[in-house]
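Below is one structure, written out as structure tokens; the observations come after it.
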DNA sequence: ACGGTGACGCTCA
DNA sequence: TTGAGCGCCACCG
């Protein structure tokens with residue numbers, strides 16, 4: 508299993524209305540130091556949010572920074588915010604309330 | 001093989 | 001409370 512594939516598998520586990528962080532994902536795989544590598548993987552996301560195939564969809568918009576900020580998004584941060592709002596996640600000042608929405612593996 | 005870069009994280013001043 | 005510096009792993013030229 509490729510590193511990237513592992514990342515995608517974990518991201519797909521995130522339920523609607525929840526979010527996860529690079530830190531948690533990295534920790535789940537090996538150690539928290541892998542955050543950058545995780546970013547690489549999602550950056551090469553084969554299924555952008557525009558993909559309607561739910562089975563293969565990778566909700567990369569649910570992956571945020573450990574500090575609650577959205578981080579980057581190759582499709583545009585504004586779209587990311589839209590999608591998250593659409594799932595009922597409140598975003599304040601471009602940040603997410605991790606206490607409420609963080610999904611832990 | 002090597003060095004640069006990135007959607008990051010931690011530590012310390 | 002901020003900001004700078006360093007480290008980390010994977011990917012690409």
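In the numbering used here, the protein residues as written are 508 to 612.
Every residue, glycine too, gets a C-beta built ideally from N, C-alpha and C.
Pull up the distance between the alpha-carbon of residue 550 and that of residue 523, whole angstroms please. Start at 1 with the first residue of the first chain, and residue 550 comes out as number 43. Start at 1 with the first residue of the first chain, and residue 523 comes out as number 16. Their Cα atoms are separated by approximately 21 Å.
From the DSSP output, in three-state form, read off residue 532 for me. In the first chain, the residue the question calls residue 532 occupies position 25. DSSP places residue 532 in helix when its eight states are reduced to three.
Would you kindly work out how many angstroms separate the C-alpha atoms of residue 548 and residue 517, rounded to a whole number? Locating residue 548 in the first chain gives position 41, where the first residue counts as 1. Locating residue 517 in the first chain gives position 10, where the first residue counts as 1. Taking the CA atoms as reference points, residue 548 sits about 12 Å from residue 517.
I'd like to check one pair, residue 533 with residue 525: are the Cβ atoms closer than 9 Å? On the first chain, residue 525 is found 18 positions in, with the first residue counted as 1. On the first chain, residue 533 is found 26 positions in, with the first residue counted as 1. Cβ distance not < 9 Å, so residue 525 and residue 533 don't count as in contact.
Rounding to the nearest angstrom, what Cα-Cα distance links residue 528 and residue 603 in this structure? Along the first chain, read from residue 1 onward, the residue named residue 528 stands at position 21. Along the first chain, read from residue 1 onward, the residue named residue 603 stands at position 96. Straight-line Cα distance between these residues: approximately 11 Å.
For the alpha helix (DSSP H) containing residue 537, list its first residue and its last residue. If you number the first chain from 1, residue 537 lands on position 30. That residue, residue 537, is in no alpha helix (DSSP H); it is neither H nor E in DSSP.
Are there 16 or more other CB atoms within 10 angstroms of the CB of residue 571, so buried, or fewer, so exposed? Here residue 571 refers to the residue found at position 64 when the first chain is read from its first residue. Residue 571 comes out buried.
For residue 521, which residues does DSSP report across the bridge? Counting from one through the first chain, the residue named residue 521 turns up at place 14. DSSP links residue 521 through a beta bridge to no other residue.
Quickly, what does DSSP pair residue 570 with across the bridge? List them, please. As a first step, residue 570 is located in the first chain; it is residue number 63 there, counting from the start. Answer is 527.
Can you give the Cα-Cα distance for residue 577 and residue 584, rounded to whole angstroms? For the purposes of this step, residue 577 is identified with residue 70 of the first chain, where counting begins at 1. For the purposes of this step, residue 584 is identified with residue 77 of the first chain, where counting begins at 1. Answer to the nearest angstrom: the Cα atoms are 7 Å apart.
Is the beta carbon of residue 591 closer than 9 Å to that of residue 599? To locate residue 599, count along the first chain from 1; it is residue 92. To locate residue 591, count along the first chain from 1; it is residue 84. No, they are not a contact pair.
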